[in-house]
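Have a look at the structure below before the remarks.
Residue numbers (full-length UniProt numbering), protein chains in the order written: chain A, 1 to 106; chain B, 1 to 163.
Written out as structure tokens, the structure reads:
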């Protein structure tokens with residue numbers, strides 16, 4: 001006797017991060033996850049990019065930009081702030097998981 | 001309205017509850033999340049031991065890009081604290097950083113109590129006694145520690161009679 005499985009419906013679920021070394025961390029300024037939204041931003045991702053300084057400290061672009069209007073220093077190490085110039089920073093990790101939610105056996 | 005400052009203060013509050021620092025407590029007013037009341041307990045094994053010192057923190061909509069204004073409500077005798085309770089502490093002025101939260105502010109003030117900086121005095125008498133007559137300084141500190149217990153029963157500590 002053979003078991004037949006019919007997948008009736010599946011949902012694709014993607015998980016992404018700005019890179020392994022900030023995965024799961026929060027931005028020190030707004031205390032929101034790097035993958036989340038800083039204040040005033042509706043959508044995570046390109047709407048709230050993470051940027052690195054030459055000192056290797058990372059913040060949401062919106063958060064560090066606001067701080068730099070009052071003082072040009074890294075909030076963590078106090079060194080003069082310079083944006084790390086490599087476009088987009090370190091490579092972004094992206095995972096795609098297939099998650100069947102409904103199935104039947106017959 | 002849920003501004004950036006208010007959202008940050010809610011996160012500060014959650015953090016205080018989930019990871020409470022030892023010897024300090026704080027909560028916002030029911031009516032205004034920009035105003036907080038805090039208590040710092042005097043560090044053990046110092047003349048401040050046993051003291052319960054009340055503070056008020058006022059935040060602006062610029063928090064965390066601007067430091068809150070912080071003052072002691074309880075009367076204090078300390079080289080870096082003015083008679084009106086204002087605190088002379090670099091991280092609340094030119095060394096402020098937007099990564100500080102309420103927990104960091106209060107633990108810094110707590111360590112300032114037992115580790116004053118007499119080079120930048122806000123109370124010249126306290127500063128002089130700290131440097132020249134530590135015994136008398138400690139006695140004056142014990143006085144404000146005992147006074148802090150009386151304040152606790154009084155809802156308006158500023159109006160408490162001088163000893």
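Note that beta-carbon positions come from the ideal geometry of N, C-alpha and C, so glycine has one too.
Problem - Where residue 46/B sits in the DSSP three-state scheme - result: Numbered from its first residue, the second chain carries residue 46/B at position 46. Of the three classes helix, strand and coil, the one that applies to residue 46/B here is coil, per DSSP.
Problem - Beta carbon proximity, residue 18/A to chain B, threshold 8 Å - result: As a first step, residue 18/A must be located in the first chain, where it is residue number 18. Residue 18/A does not count as touching chain B.
Exercise for the section: Within its chain, find whatever has a CB closer than 8 Å to the CB of residue 68/A; leave out the 5 residues flanking it on each side and keep chain order. Expected result: The residue labelled residue 68/A in the question sits at position 68 within the first chain. Within the same chain, residue 68/A has close Cβ partners 81.
Exercise for the section: Rounded to whole angstroms, what's the CA-CA distance from residue 35/A to residue 76/A? Just pull it up for me. Expected result: As a first step, residue 35/A is located in the first chain; it is residue number 35 there, counting from the start. As a first step, residue 76/A is located in the first chain; it is residue number 76 there, counting from the start. Each residue's Cα considered, the two are about 20 Å apart.
Exercise for the section: Starting from the N-terminal side, write out each stretch of the beta strand (DSSP E) that is 3 residues or longer and does not extend beyond the UniProt domain "RING-type" (27 to 78) of chain A. Expected result: 50 to 52, 58 to 60
Problem - Three-pair Cβ contact test at 8 Å for the stretch 21 to 36 of chain B versus the stretch 52 to 61 of chain A - result: no
Problem - Simplified DSSP assignment, three categories, for residue 24/B - result: Indexing the second chain from 1 puts residue 24/B at position 24. DSSP places residue 24/B in strand when its eight states are reduced to three.
Exercise for the section: Answer with yes or no whether the minimum CB distance from residue 70/A to chain B is below 8 Å. Expected result: Looking up residue 70/A in the first chain gives position 70. So yes, residue 70/A belongs to the interface.
Practice task
Measure how close the beta-carbons of residue 84/A and residue 53/A come, nearest whole angstrom, since I'm counting them as under 8 Å.
Solution key: On the first chain, residue 84/A is found 84 positions in, with the first residue counted as 1. On the first chain, residue 53/A is found 53 positions in, with the first residue counted as 1. With a Cβ gap of about 6 Å, residue 84/A and residue 53/A count as contacting.
Exercise for the section: Would you mind sorting residue 4/B into buried or exposed? The rule is 16 or more other CB atoms within 10 Å of its CB. Expected result: Residue mapping note: residue 4/B aligns to position 4 of the second chain, counting from 1. The residue in question, residue 4/B, is buried, as its Cβ has 16 or more Cβ neighbours within 10 Å.
Problem - Close Cβ partners of residue 84/B (< 8 Å) along its chain, the five nearest in sequence each way excluded - result: To locate residue 84/B, count along the second chain from 1; it is residue 84. Here the set comprises 71.
Exercise for the section: Please confirm if residue 33/A has its CB atom under 8 Å from at least one CB of chain B. Expected result: Mapped onto the first chain, residue 33/A falls at position 33. It does not: the Cβ of residue 33/A has no partner Cβ on chain B nearer than 8 Å.
Exercise for the section: Taking residue 98/B as the query, report the chain A residues whose CB atoms sit under 7 Å from its CB, ordered along the chain. Expected result: Position 98 of the second chain, counted from the first residue, corresponds to residue 98/B. Those are 29, 67, 75, listed as they occur along chain A.
Exercise for the section: Tell me whether the beta-carbon of residue 47/B lies closer than 8 Å to the beta-carbon of residue 98/B. Expected result: If you number the second chain from 1, residue 47/B lands on position 47. If you number the second chain from 1, residue 98/B lands on position 98. No, they are not a contact pair.
Handout entry: Residues in the stretch 35 to 50 of chain A having any Cβ partner in chain B nearer than 7 Å
Key = 39, 40
Exercise for the section: Go to residue 56/B, then tell me how far its beta strand (DSSP E) extends in each direction, as first and last residue. Expected result: Position 56 of the second chain holds residue 56/B. From DSSP, the beta strand (DSSP E) with residue 56/B extends over 52 to 58.
Handout entry: Neighbourhood of residue 55/A by C-beta, 7 Å cutoff - its chain only, sequence neighbours within 5 removed
Key = Mapped onto the first chain, residue 55/A falls at position 55. Closer than 7 Å at Cβ, skipping near neighbours: 74, 77, 79.
Exercise for the section: Starting from residue 64/B, find everything on chain A with Cβ-Cβ shorter than 7 Å and list it in chain order. Expected result: For the purposes of this step, residue 64/B is identified with residue 64 of the second chain, where counting begins at 1. Chain A residues near residue 64/B: 29.
Handout entry: residue 39/A to residue 31/A span [Cα, whole Å]
Key = Looking up residue 39/A in the first chain gives position 39. Looking up residue 31/A in the first chain gives position 31. Distance between the alpha carbons of residue 39/A and residue 31/A: 10 Å.
Practice task
Compute the distance between the beta-carbons of residue 122/B and residue 88/B, then report whether it is under 8 Å.
Solution key: Along the second chain, one-based indexing puts residue 122/B at 122. Along the second chain, one-based indexing puts residue 88/B at 88. The answer is yes: Cβ separation under 8 Å.
Exercise for the section: Please list, in chain order, all residues of the same chain as residue 108/B whose beta carbon is under 7 Å from its beta carbon, the five residues on each side excluded. Expected result: To locate residue 108/B, count along the second chain from 1; it is residue 108. Answer for residue 108/B: 89, 91, listed in chain order.
Exercise for the section: May I ask you to check if the CB of residue 140/B is nearer than 7 Å to at least one heavy atom of the ligand HEM? Expected result: In the structure shown, the ligand HEM is absent, as is every other ligand, since no ligand is present at all.
Problem - is_contact[residue 27/B, chain A] using C-beta, thresh 8 Å - result: Against the second chain, residue 27/B aligns to sequence position 27. So no, residue 27/B is outside the interface.
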